[in-house]
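Take a look at the structure below.
Structure below.
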């Protein structure tokens with residue numbers, strides 16, 4: 574299964590900080606990914622406020638291909 578986006582780095586506390594779009598090969602910071610989601614470029618993801626930080630999350634559904642997992 575090819576995931577559209579994977580997590581490439583996380584902080585010591587476990588917060589996802591860097592992401593890779595496996596379709597385009599683009600690497601993004603959390604803030605860049607949040608901006609891309611807000612611009613409508615990743616329809617299977619949305620942004621949640623977690624402890625005051627805008628955080629990308631996958632939309633809840635039955636699909637495993639949009640889950641944000643570490644490489």
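Numbering (my numbering), first residue to last: 574 to 644. Backbone N, C-alpha and C fix where the C-beta goes; we use that ideal spot for every residue, glycine too. From a predicted model like this one, the values you see are computed outputs, not experimental measurements.
Query, Result
"Buried or exposed (CB count within 10 angstroms, at least 16 for buried), residue 629", "buried"
"Sheet register partners of residue 623 (DSSP bridge)", "626"
"Cβ shell of residue 619 (< 7 Å), same chain only, five flanking positions each side left out", "610, 630 and 632"
"Per-residue burial, residue 580 [other beta carbons within 10 Å of its own, 16 or more giving buried]", "buried"
"Helix, strand or coil at residue 593 according to DSSP, with G and I counted as helix", "strand"
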